[in-house]
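Residue numbers (the working numbering): 2 to 115.
Where is the CB? At the ideal position from N, CA and C, for every residue including glycine.
If you're wondering where the values come from, they're calculated on a predicted model, not measured in any experiment.
Since the structure comes first, as structure tokens, the remarks are kept for the end.
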């Protein structure tokens, strides 16, 4: 009975990927608007990059495992693990690679005046 109650439709997991691009673009836009000189140290950037890779790999693994298996229902723990892995991977992306990406964009859009 517990397994029947704690199941969720797999469509929610597979459909969650679509808004992730929009969430990532909004995060980059906010980072672009609130641009600060890099306030992260090199060690923090490396740790965020490693976390981004680990959480991203977990999210990709769960996504493809559910998609390939053709599961119609998944347990809630798997769904929330996927959800949090995706969000944490995007957060770590914005704190590591995204910071450099925003700095690169700022230089070309608003070139420094010497």
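Could you pull the start and end residues of the beta strand (DSSP E) that residue 89 belongs to?
Position 88 of the chain shown holds residue 89. From DSSP, residue 89 is part of no beta strand (DSSP E) but of the alpha helix (DSSP H) over 77 to 96.
Among the candidates 52, 89, 90 and 46, whose CA atom is the shortest distance from the CA of residue 101?
Along the chain shown, read from residue 1 onward, the residue named residue 101 stands at position 100. Considering only alpha carbons, the answer is 46.
Candidates 43, 78 and 28: which alpha carbon is nearest residue 88's?
Walking along the chain shown from the start, residue 88 turns up at place 87. Residue 88 has its Cα closest to that of 28, out of 43, 78 and 28.
From residue 65 to residue 85, what does the alpha carbon distance come to, in whole angstroms?
Position 64 of the chain shown, counting from 1, holds the residue named residue 65. Position 84 of the chain shown, counting from 1, holds the residue named residue 85. In a straight line, the C-alpha of residue 65 is about 16 Å away from that of residue 85.
Could you work out which residue in 75, 97 and 90 is closest to residue 14 when comparing CA atoms only?
For the purposes of this step, residue 14 is identified with residue 13 of the chain shown, where counting begins at 1. It is 75.
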